[in-house]
Amino acid sequence: MSRVLVIDDQKDVRAMVAIVLRVNRFEVVEADSGAAGLRAFAEAAFDAAIVDIFLGDTSGVDVIAGLRERAPGLPVVAVSGMTALDFMEQSSHLADVVCLQKPFRPNDLLQALRRAQAAAGGELSATV
162 MSRVLVIDDQ KDVRAMVAIV LRVNRFEVVE ADSGAAGLRA FAEAAFDAAI
212 VDIFLGDTSG VDVIAGLRER APGLPVVAVS GMTALDFMEQ SSHLADVVCL
262 QKPFRPNDLL QALRRAQAAA GGELSATV
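According to our numbering, the sequence shown is numbered sequentially starting from 162.
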């Protein structure tokens, strides 16, 4: 079973993402802030991460960079309510990050996760 770290400061969004992933046989760890997400990542292994770009305590871009420093090939999906995610090209740590705009449907999330895994050169073990 693939483990996915979900970092989003909006409880309802985090819960919806977690439900979709669990129904599709992923193990999910939720974090309500960038700091909590980075701590969780330091304490356990993950197969992918879904990170909100606009977190209350820090920038999701910085969180993604921190994750990628520790695990350069980590599949990452960046989610945002903003219309333009052009700033994702600012850092080499953000290469191959798949962007998903809120609001999104469950199938959009699963497809983004599959694209992120393909960009990282592998496949997630759960049915996506």
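Backbone N, C-alpha and C define an ideal beta-carbon position, used for all residues, glycine too.
For residue i, which residues of its own chain have a beta-carbon under 8 Å away from its beta-carbon, when the five flanking residues on both sides are left out?
i          : result
lysine 263 : Val174, Val240, Ser241, Gly242
Please report how far the alpha carbon of residue i lies from the alpha carbon of residue j, in whole angstroms.
i              : j             : result
alanine 281    : glutamine 272 : 14 Å
aspartate 302  : alanine 176   : Any property of residue 302 remains undetermined from this structure, which presents the chain solely from 162 to 289.
leucine 261    : threonine 219 : 19 Å
aspartate 223  : glutamate 188 : 24 Å
alanine 287    : alanine 210   : Since pLDDT at alanine 287 reaches only 48, below the 50 mark, its modelled position is unreliable, and the value read off the structure follows with that caveat. Spanning the two alpha carbons is a distance of roughly 14 Å.
alanine 197    : alanine 256   : 23 Å
isoleucine 168 : glutamate 191 : 6 Å
aspartate 292  : aspartate 213 : Here the chain comprises residues numbered 162 to 289, so residue 292 is not present and cannot be evaluated.
Note the first and the last residue of the continuous beta strand (DSSP E) segment covering residue i.
i             : result
glutamine 272 : Not the beta strand (DSSP E): glutamine 272 falls in the alpha helix (DSSP H), residues 267-280.
leucine 261   : 259-262
Thinking C-alpha only, which one of the options is nearest residue i?
i             : options                        : result
aspartate 208 : Phe265, Ala256, Lys172, Arg231 : Arg231
arginine 164  : Lys172, Gly227, Ala226, Pro236 : Pro236
arginine 266  : Val258, Gly234, Ala206, Val178 : Val178
glycine 221   : Pro233, Leu199, Asp269         : Leu199
Beta-carbon within less than 6 Å of residue i's beta-carbon, same chain only, minus the 5 sequence neighbours each way: which residues are those?
i           : result
glycine 195 : Leu216, Asp218, Thr219, Val224
leucine 182 : Val165, Val189
valine 259  : Val238, Ala273, Arg276, Ala277
Quick one: residues in its chain with C-beta nearer than 7 Å to the C-beta of residue i, no 5 flanking neighbours on either side, listed in chain order?
i           : result
valine 289  : Bear in mind that the predicted position of valine 289 carries a pLDDT of just 40, short of 50, making it unreliable; the figure below should be weighed with that in mind. For valine 289, where only same-chain residues beyond five positions count, the Cβ hits under 7 Å are Asn185, Leu271, Leu274, Arg275.
leucine 228 : Phe202, Ala210, Leu235, Val237
Comparing the CB of residue i with every heavy atom of the ligand MN, is any distance shorter than 8 Å?
i           : result
leucine 261 : Of the ligands one can find in the structure shown there are none, so the ligand MN has no counterpart to examine.
- Item | Length at least 3, wholly inside the stretch 169-238: the beta strand (DSSP E) runs in chain order | If we require 3 residues or more, the beta strand (DSSP E) runs fully inside the stretch 169-238 come out as 188-192, 209-213.
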